[in-house]
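Protein chains in written order, with this note's numbering: chain A, 265 to 1119; chain B, 14 to 254.
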Amino acid sequence: MHYIDRVNRIEALTRENPPSLLPPPFLRWFAEKGWQPRAHQLDLLSRVSGGENMLLIAPTGAGKTLAGFLPSLVSLTKRGKIPPGSAFTGIHTLYISPLKALAVDIERNLMKPVGEMGLPIRIENRTGDTPAAKRQRQKLNPPDILLTTPEQLALLLANGEAERFFKNLKYVVLDELHSLVASKRGHLLSLGLARLRRLAPAMQAVGLSATVADPMDLQRWLAPQREREDNHAGLITVSGGARPEISILATEERVPWAGHSAAYAIGDIYRAIGQQKTTLLFVNTRSQAERVFQDLWTVNEDNLPIALHHGSLDVGQRRKVEAAMSENRLRAVVATSTLDLGIDWGDVDMVVHVGAPKGASRLAQRIGRANHRMDEPSRAILVPANRFEVMECQAALDANYIGAQDTPPVGRGALDVLAQHVLGMACAAPFDPLVLYEEITSAAPYADLSWETFERVIDFVATGGYALRTYERYAKIRKTAEGLWRVSNPQIAQQYRLNVGTIVESPMLNVRMVKHNARGNRSSPGRGGMSLGKVEENFVEMLSPGDTFLFSGKVLRFEGIRESECLVSQGYKLDPKVPAYNGGKFPLSTYLAQQVRKMLADPTRHATLPDQVRDWLALQKDLSMLPKEDELLIETFPRGSRHYMVIYAFEGRLAHQTLGMLLTRRLDRAGLKPLGFVATDYSLAVWGLEDLGAAFATGRPLLADLFDEDMLGDDLEAWLNESFLLKRTFRTCAVIAGLIDQRHPGKEKSGRQVTVSADLIYDVLRSHEPDHILLEATRNDASSGLLEIERLGDMLARIKGHITHRPLEQISPLAVPVMLEIGRESVNGDAQDFLLAEAADDLFDEAMATAARAG
Amino acid sequence: MQRLAFSLAVRPDNPAHAAPITVNGVAAVCDPLGGLYLPDLDILVVSDLHLEKGSAFARRGMMLPPYDTLATLKILEAVISRYDPKTVISLGDNFHDRIGSALMPDHFRQMIATMARGREWIWINGNHDPDGTVALPGSSADELHYAGLTFRHEPGLNAPLGEIAGHLHPSATVRRREKYMRRACFASDGRRLVMPAFGVTTGGLDLRHQAMRGLFDHQTLVAHMLGRDRIYSVRFVNLLG
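Quick look at the structure:
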């Protein structure tokens, strides 16, 4: 019984000898290799031949790729080579992968059997890196199988030649589908799939996926949706493989109360690396990656080859690490999610997860990176960064044992993505809105899209969708006399091509090494040297020349900004800063949060926890209490000149932040003068000048009222008006929807310019057109994403009638972690003016002091 | 528009709200709405209105909201009614591009005419709008010298004392307890002053940016930052860095 597959039972498939399915070259090849075609490979082949769309869920190393391509390889073999001089034939099979590197990797892996069998099949990839000449040639003379990415598919579909190119399409193979569907990239891809079905109505989709919480979500995604029909792809689930050996790091060191660095465990991690051939170390954020890498090299007395890999590093450097990895020249790589997906990384024999994995499925997928052979167990060590994470790691480990999954649902299609797609379709050919509407609603994420909303999206694409009709004369798409929408001029199409896709990066600056000028003459830093990667512009702006920071595994000295580059030299200072990246932190999954609550509530399970954690919980039980699973514990206590309340909601940092904002508003109205709050994944601390405990004890206000669900009404609206989080979300929507271009022909706008204008546009739009469709798109995103309003709503409903207030004389053991976070978090919005006033008052004090000295 | 909403409570005579300073000996008040009032001369200075920015972008295929002109003019109305000045000087980049003033809808033209009634109005030409304005009250000029002050769009490195300019959209960043706040600001070392951008959809450039180099005496430079309802005056040496 394989670990991945306890929840999704296998559809057993042991059909006897279906040799007729495989043409002779395949049978010979299997025989020569001494292999048997696997049951799921044959089953998939047979069901696809029977005309079904299919979803294959299988663990790494199960021959998933070959299975996915088998129907198309067999079909192409039967078709044979197209004789020269035949009429134009479009591509036969389209393969979509979330990563460029994966498309390239698959080409190599697929060419091998195809070459060995001598099949008459042409396979090529097309990514952002493919030279223009090759792309052009591919359009004139398409390969049989094209390997590409969602963005390239969108570009191909927005081309006037799309119909010709795709008319012969038989199969679409969608790899790592679980990693795509729940995102805006997946939404765009679903619209592309709908268009492919119109161009080639008989086309079949084959999805390949890791185990997910709800396979039916993906099955629907793969099939065309129509009203009153339940259309979904067939499902094949592969079990097997050995159960992974996962443990939580056993350490003699003291596990810290708070923080994310896991610095305490570096010695233990280093020893573990030394005992293995190759170790993959996963962390959750790029800043953590930099820190862990730096800490490891500090103790690396044996000079083990340990490398660093994350999404902000220079591409060349990443490729070098990947190459060294596949040649087994490295002992360890510290990596973020860039290495999550199914690329072959050589013989990894252990995965170390530094910090809690935040999700059960994420852990399963990452552990799957160790050991590609299905029948040998993967080995993994979890390294909690603090004491709450010890419990979270234990919960993730238990979840893995029972095969529980917590992948996010597909969700409703985003409107900004739809706007981009509509413009792309107009670029391809003039469209009839009724026909396009039918096509779009056949994509599962957009099945519920109303005609009215669709019309608003078209209006937005055309003229911005404003009540004030002043832009009619500048319209991007116009309705012809025949009622078709077409692009106004070719520049619009060019603009679309430059800005296609849904990945909106925060504004970044390239980091380049220069020689440090010994005389400190900063006005002419030397000519540029090696490029190290990218850091967020916001971070760089906070640096002064001479400041040091940690990046690309080096201590760098900031020299200055030149054009769009951040110039640095070798730095030596201790205690460098570490760049933070927006949105880098994963929220704690609802499933794991629930498991941690359960664990906390059940003392019999504390026995499995390490001594330090067990003692901590026991102390909490003595001095305060441990909340029951569905109970919301609120502690209040005085400390210094302030009064604190700590709320143990266990709903993840984002939902807690939103809760904190709303609670402080309410407390303020109740006259309790809240001063601030800080949120962790597990709890929320609010503090103020008034005695919160006494106020709650006398029912002014009642805690039940304070935590009433109506919090998500007017208070939420009022707060959203000012929230900086919403501005960040708006920027992403505005870029994806094409309101703001990331890139403009001829002019590369700097990131900073885009950011500033997006914030200002948001303010203008809010005050003049609060119902604008992009604001609606922004609110939709925020409620499920950055603000986790839905999750907060679920929690408020759950804890109704289960709130326990515990007034204390002093801080409780469980409150320590969140209290330690106070002062580390960033402030925004209202609090900013407060701090500005402080800064200005300092100036005043200083002026007084100067006056006194002068006097 | 938030700027407008929050600033209505400002009392210009309160030094905490609007900062009184001198530029080359001439008294001036930095208002959190973004205007500079010179009480002895009864002049109100604003800069970089960038009117019709939205439609300038729309012409090139980016449909920014068409409300920026209205929003900027509303704030301008508020600051004019607060000081009721004899003269208004708009320091250039009054429009986002050359043809902005010709294409501006009549409604906005009317608003400006109403504001300008009974006052002198001087449009200084900027790099975005070097050709002056079309069919608007007031006169245009490249530069204006008056009462020991020089009004022009772009600050010059070898400018005379008392230069009041715009163009750079200065902003400043303050660091407090490891937190950063960035705001548009009036920048002055007492000898010259660079105005914050007044238009609602204009971005900012940090005072430490190269483009600012050589303009100010850093020892005496103060950033008068625009807060919600008051000016925060912070010395350059106390800013980030």
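Glycine included, C-beta positions come from ideal geometry on N, C-alpha and C.
- Residue pairing by DSSP places B/Met238 opposite B/Cys198 and B/Tyr245 in a beta bridge.
- If you look at A/Arg906, you'll find it in the beta strand (DSSP E) that goes Arg906 to Tyr912.
- Put simply, the CB of A/Thr727 is near chain B, with a gap under 8 Å to one of its CB atoms.
- Assigned with DSSP and collapsed to three states, B/Val23 falls in coil, not helix or strand.
- Counting only runs that start and end inside the stretch 523-548 of chain A, the beta strand (DSSP E) elements of at least 3 residues fall at 543-546.
- In the three-state scheme derived from DSSP, where H, G and I count as helix and E and B as strand, B/Ala84 is classed as helix.
- Remark: fewer than three beta-carbon pairs, one from each stretch, lie closer than 8 Å, so the stretch 400-407 of chain A and the stretch 332-341 of chain A are not flagged as touching.
- The distance from the Cβ of A/Gly623 to that of A/Ser853 is about 4 Å, consistent with a contact at the 8 Å cut-off.
- If you ignore the 5 residues before and after B/Ile93, its C-beta comes within less than 7 Å of the C-beta of Leu57, Val101 and Met128, all in its own chain and listed in chain order.
- Per DSSP, the continuous beta strand (DSSP E) segment holding B/Phe164 begins and ends at Leu162 to Arg165.
- Looking at the DSSP output, A/Phe941 bridges to A/Val950.
- Distances from the alpha-carbon of A/Ser361 to those of A/Glu371, A/Thr353 and A/Ile355 put A/Glu371 closest.
- A distance of 8 Å or more separates the beta carbons of A/Pro301 and A/Met381.
- B/Arg132 is a Cβ neighbour of B/Pro98, given a cutoff of 8 Å.
- Out of B/Val207, B/Leu64, B/Tyr50 and B/Val39, the CA that lies nearest to the CA of B/Arg95 is found in B/Tyr50.
- Fewer than three pairs of CB atoms, one per stretch, sit closer than 8 Å, so the stretch 933-945 of chain A makes no contact with the stretch 1064-1080 of chain A.
- In the displayed model, A/Lys345 falls within coil according to three-state DSSP, outside both helix and strand.
- Unbroken beta strand (DSSP E) runs of no fewer than 3 residues, entirely contained in the stretch 957-1006 of chain A, are not found.
- Per DSSP, A/Phe813 is one residue of the beta strand (DSSP E) stretching across Thr812 to Phe815.
- Taking 8 Å as the threshold, the shortest C-beta distance from B/Ser68 to chain A falls below it.
- The beta carbon of A/Ile385 sits closer than 8 Å to the beta carbons of Leu337, Leu340, Thr341, Val378, Asp408 and Ile409 from its chain, once the five residues preceding and following it are set aside; these are given in chain order.
- In this structure, DSSP gives A/Ile370 a helical state, which the three-state scheme calls helix.
- DSSP, reduced to helix, strand and coil, places A/Lys1064 outside both helices and strands of the structure shown, so it counts as coil.
- Residue pairing by DSSP puts A/His573 in a beta bridge opposite A/Ala599.
- In this structure, A/Glu829 sits away from A/Pro809, with a CB-CB distance that is not shorter than 8 Å.
- For A/Ala418 against A/Val764, the beta-carbon gap comes to about 5 Å, under 8 Å, which counts as contact.
- According to the DSSP secondary-structure assignment, A/Cys830 is paired through a beta bridge with A/Val775 and A/Ile825.
- With 16 or more other CB atoms across the displayed protein chains lying within 10 angstroms of its CB, A/Phe803 is buried.
- Remark: C-beta atoms of B/His180 and B/Gly212 do not approach each other more closely than 8 Å.
- Shown here, A/His617 sits in a strand according to DSSP, grouped into three states.
- Here B/Ala178 is near B/Leu104, since their CB atoms are less than 8 Å apart.
- The secondary-structure analysis by DSSP pairs B/Thr100 across a beta bridge with B/Ile56 and B/Glu133.
- Neighbours of A/Ile346 in chain B, taken as residues at a C-beta separation under 9 Å, are lacking, since the least C-beta distance is about 41 Å.
- Taking a 10 Å sphere around the C-beta of A/Asn389, we find 16 or more other C-beta atoms and assign the residue as buried.
- A Cβ-Cβ distance of about 15 Å is found for the pair A/Trp951 and A/Leu970, leaving them out of contact under the 8 Å criterion.
- Neighbours of B/Thr214 in chain A, taken as residues whose beta carbon is under 8 Å from its own, are Ser1021, Leu1024, Ile1025 and Val1028 in chain order.
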